[in-house]
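Visitor:
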Amino acid sequence: DLYGNVVLSGGSTMFPGIADRMSKEITSLAPSSMKVKVIAPPERKYSVWIGGSILASLSTFQQMWISKGEYDETGPGIVHMKCF
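Structure representation (structure tokens):
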């Protein structure tokens, strides 16, 4: 359930009261039958960077790496060719 698993991450979520505000805003937009739960972990300022570093270290992700040469030769289409 997407509404019950909202996790705030990134430096812009560090504003005081942002978790309560997000919860109220999402609750007002969600169907009344949905339970809304917003989680604001204390380390969320760096969680995006940590997640990216974990993803980049996975061997399965390395096949999606794009070198400057590949990008220069193929253009933006290389992203779709390698990643999708």
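So the sequence shown is residues 19 to 102, counted in my numbering.
Note that beta-carbon positions come from the ideal geometry of N, C-alpha and C, so glycine has one too.
1. Between the segment 47-66 and the segment 27-36, can you find at least three pairs of beta-carbon atoms closer than 8 Å?
2. For a test of the three-state rule: what should DSSP assign to V54, helix, strand or coil?
3. Between the beta-carbon of V54 and the beta-carbon of Y21, is there less than 9 Å?
4. Using a threshold of 9 Å, state whether the C-beta atoms of A37 and I68 are closer than that.
5. Counting contacts by CB-CB distance shorter than 9 Å, is A74 in contact with chain C?
6. I'd like to know whether the C-beta atoms of S41 and V24 end up nearer to each other than 9 Å.
7. What number of angstroms, rounded off, separates the C-alpha of M82 from the C-alpha of M99?
Guide: In short:
1. Segments in contact, yes.
2. DSSP places V54 in coil when its eight states are reduced to three.
3. Taking 9 Å as the Cβ cut-off, V54 and Y21 qualify as a contacting pair.
4. Contact: no.
5. The chain inventory of the structure shown lacks chain C, comprising one protein chain alone.
6. A Cβ-Cβ contact shorter than 9 Å links S41 with V24.
7. M82 and M99: Cα-Cα distance of roughly 9 Å.
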